[in-house]
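To start, the structure itself, in structure tokens.
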């Protein structure tokens, strides 16, 4: 049967991709420096074999046969229809790009990345400008190859690869009120009469002791170490091959215990999603996350709605004291809660707090949308960047190194990716309001260290569906409403205003 | 050019094999238990792709073209001629086995292994006997498919896969005098008037402290941690993908510090060989070890000729005292030297000492040769096994669990492998005599902790050649003599007789 043959071929291709995932994890976490050159050959070989399989014309034939089969497609809500929808999307995207464009893009990206590194080091945008121009041009050609529907725009064609079905216009409809009201909130907080306690952040904890403690928090969240592991990498990430083997990483610094904790909760949130996918769907679209934005909703939920909540700290603080002794004797749960919720507008995205983080994303979304439509040229990027940081966050960007050169994404011609970070925050807030409706005693459970209701709810309502629903549909299905800025704003207002006395 | 195309195809196939090596290392050292099922799919996929490539008929065509090209083959000592010799050997062996035999063997092996485990647990040979019969039959059919020359025998066809060019008759010529003289030596030692000190072995060292110390010894040997790493596994091994990424493992037990140390030196000896191969030959026969026996000569050289030497302990003992404090205050280098050189005939191969170990191997060599020629049937194995243990080692085997059921090899139909262990000891001894000729002050260097002359000699005379020479040719080339039992016997006699006062 065509459907079975199609699934077998897709599983075969995804099996190779899962091997690439191990090679990549190993490179980040285990491989000695001397292995780099050989590893790049291994990765290229596996990527090439996977690409061959995903673009095999036989997949196109089988897809067409299945799509013509009423039994498979008559109910668009069926599992088979969802599988075919996602396979069609993937196949079209894999086959629409001409091979010479793929090669040119890969070559240009790699050189552009090098020039970006240099430009950033020297804070000299002009060194990157010609390569950003090339990357913009390439991304626009890629977008053209993918194509977009009437009323859509080039940026949409790129973002479709990260957030299926989501369009710039919809995002704008949510981001605009978010931006305006966040701008007010941040201005209020920074001029408020009170400052949260930061005592908790000032206590150094030896790295070795953090390493023993932090996995216990992941375990408390329900991360299953029989089906996963935790390691160290420069940039924390979540990876793995199937629900039985999920790998998260974190990082440690003596003077940044809170960072290790939040990074771990963030990645374990991703990890719970991966462990919560159904093993019988491994290698099919139902066995993977719905989108990057939904994935990020899971990490941000645990990082922000658990790890930055007062009830969590009421449970966690005594454990911190037990683990690290007298240094934390005088630190209360309220101290820790305040410390991890300070808000300070700054230039650097990856160091931003829960409120200002979204502003960093919205600046990038607005700018890359303009670059993709041709309304903004590379040469004007620094000015436009700095103007928005002043307007939205009230900060003067001192130079391009901490300004428009800070992120690697555009050096790799990745346009359309940034919004998934804020979409994750928005989904998380909207899901969490629903969870509190369904489990009214949730915060009391947190205060007892019982995080199981939250995990079960996510398993049942999000994880087990994998990629069956497009993100916007999943949001409607789960919360009964379209995505909105309101839940996130309510969450931030309620939490942050009291801490700043406004 | 055919030769270049051939090499490119072989490198491509070996690149896949190196990915399989990472998957396998990861499974042993890193993978969580939940990953087993998916990993077996990944391994099967990569193995299948590699097999396809190694048996590609185009390789046969290219080989034939190259072999007909005088420029490539007129000088049999040239690199190209060596490459072609090894590729021909590999291609013939990969393509001579009918697919149904390969499948039947894999199926039978996996069931036989299961029955062997049960039989061993219950010490009930009869439970394994029918499966051993099947494995013998299969191995004989495999040998027939490979074929053997006039004057050779079925066992040779199997051993060729592990020790190219080595034949049972040659091995017998070396093993027989070794066995006879070892038998005398062991009898003399066990009845000698003196017993070596074992104080060193009786001191417990916390695992955590061993883990900090042991890698320093590997580093002292010259193992390069920029191009390698050391981890923990149940059975120590050496693995990796290329000279830039070599991975060894060891194991730790509080009451077995000496075991961790010798296991580490053994595996680091393998690791130095892999790190000493020339990177420009990666993926070709010149970029891999000459044979399992030669590989084992490297591990045994470091384990026995360094790690069980008095000069080494003169350097090492003060370091042990520095690392572990007062427990070792009264232990002298001589104590350690004696402790790691005790000889005690016993039933279990993997726990055997440097002298009796070879007896265990020779019993197995004799028996599997008879099973392959049809002169010994499975039902008679236990009696023949026990008779030889009594005769060669003077021990009464109490049951089949610690007798003929102790090793896994025959349950996997691996016949022809065992002798490489003793061949390794023989090569090591013969190489070491030559090294002492070339570097007369070697032991004085050891006593200063300077192991660099030994490493350089091995790099230059063994490692850099990779698989260019067949093991017997390498031995002749390096030592000027054919392989002989004399150097190993001289080494053991000189070292052990004084310790036992005989």
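Protein chains in written order, with this note's numbering: chain A, 1 to 502; chain B, 1001 to 1502.
By construction, the Cβ of each residue, glycine as well, lies at the ideal position given by its N, Cα and C atoms.
Distances from the alpha-carbon of residue 1361 of chain B to those of B:1257, B:1330 and B:1176 put B:1176 closest.
When A:216, A:263 and A:259 are compared, the shortest CA-CA separation from residue 237 of chain A is found for A:263. Contiguous alpha helix (DSSP H) elements confined to the segment 1207 to 1275 of chain B occur at 1207 to 1221, taking only those with 4 or more residues. For residue 1042 of chain B, the chain A residues whose C-beta falls within less than 8 Å of its own C-beta are 15, 18, 19, 22 and 241, listed in chain order. At least one beta carbon of chain B lies nearer than 9 Å to the beta carbon of residue 282 of chain A. Taking a contact as a CB-CB distance under 8 Å, the pair residue 227 of chain A and residue 247 of chain A does not count as one, their CB atoms being some 10 Å apart. By the C-beta density criterion, residue 212 of chain A is exposed, having fewer than 16 other C-beta atoms within 10 angstroms. Closer than 9 Å to the CB of residue 1031 of chain B there is at least one CB belonging to chain A.
In chain order, 1261, 1264, 1265, 1268 and 1316 place their CB closer than 8 Å to the CB of residue 1217 of chain B, counting only its own chain and leaving out the 5 sequence neighbours on each side. Among the CB atoms of chain B, none fall inside 9 Å of the CB of residue 4 of chain A. Under the Cβ distance rule, residue 244 of chain A counts among the residues neighbouring chain B, one pair being separated by less than 9 Å.
Here residue 1255 of chain B is exposed. Its C-beta has fewer than 16 other C-beta atoms within 10 Å. By the criterion of a C-beta distance shorter than 7 Å, residue 193 of chain A is surrounded in its chain by 501, once the five residues flanking it on both sides are discounted. Here DSSP, grouped into helix, strand and coil, assigns residue 1125 of chain B to helix. Take the alpha-carbon of residue 163 of chain A and the one of residue 291 of chain A: they are about 5 Å apart. The straight-line gap separating the alpha-carbon atoms of residue 1444 of chain B and residue 32 of chain A is approximately 33 Å.
With a contact defined as Cβ atoms closer than 8 Å, residue 1475 of chain B and residue 1483 of chain B qualify at about 5 Å. For residue 1423 of chain B, same chain residues with a beta-carbon under 6 Å away, outside a window of 5 residues either side, are 1293 in chain order. Looking at A:385, A:353, A:351 and A:352, the one whose alpha-carbon comes closest to that of residue 366 of chain A is A:385.
Under a 10 Å Cβ-count criterion, residue 245 of chain A is classified as buried, with 16 or more other Cβ atoms of the shown protein chains found around its own Cβ. Nearest C-alpha to residue 142 of chain A among A:406, A:106 and A:485: A:106. The Cβ-Cβ distance between residue 1355 of chain B and residue 1343 of chain B falls below 9 Å. Residue state for residue 1167 of chain B is assigned as coil, using DSSP reduced to three classes. Neighbourhood of residue 229 of chain A in chain B, by CB distance below 9 Å: 1030, 1031 and 1032, in chain order. Look at residue 148 of chain A here: in three-state DSSP terms it is coil, with no helix or strand label.
For residue 336 of chain A, the enclosing alpha helix (DSSP H) covers residues 333 to 339. Taking residue 1203 of chain B as the centre and dropping the five residues before and after it, the same chain places the C-beta of 1327 closer than 6 Å to its C-beta, in chain order. In the structure shown, the three-state DSSP call for residue 498 of chain A is helix.
Of all C-beta pairs linking the segment 109 to 120 of chain A to the segment 408 to 415 of chain A, three or more are shorter than 8 Å, placing the two stretches in contact. Nearest Cα to residue 390 of chain A within the set A:433, A:419 and A:345: A:345. At least one C-beta of chain B is nearer than 9 Å to the C-beta of residue 36 of chain A. Looking at the backbone, the Cα of residue 37 of chain A and that of residue 166 of chain A are separated by about 38 Å. In this chain, the alpha helix (DSSP H) harbouring residue 81 of chain A covers 79 to 96. Only residues of its own chain outside the window of five on either side were considered, and among them 1223, 1228, 1238, 1246 and 1248 have a CB closer than 7 Å to the CB of residue 1271 of chain B, listed in chain order. In the structure shown, residue 1342 of chain B adopts coil according to DSSP, grouped into three states.
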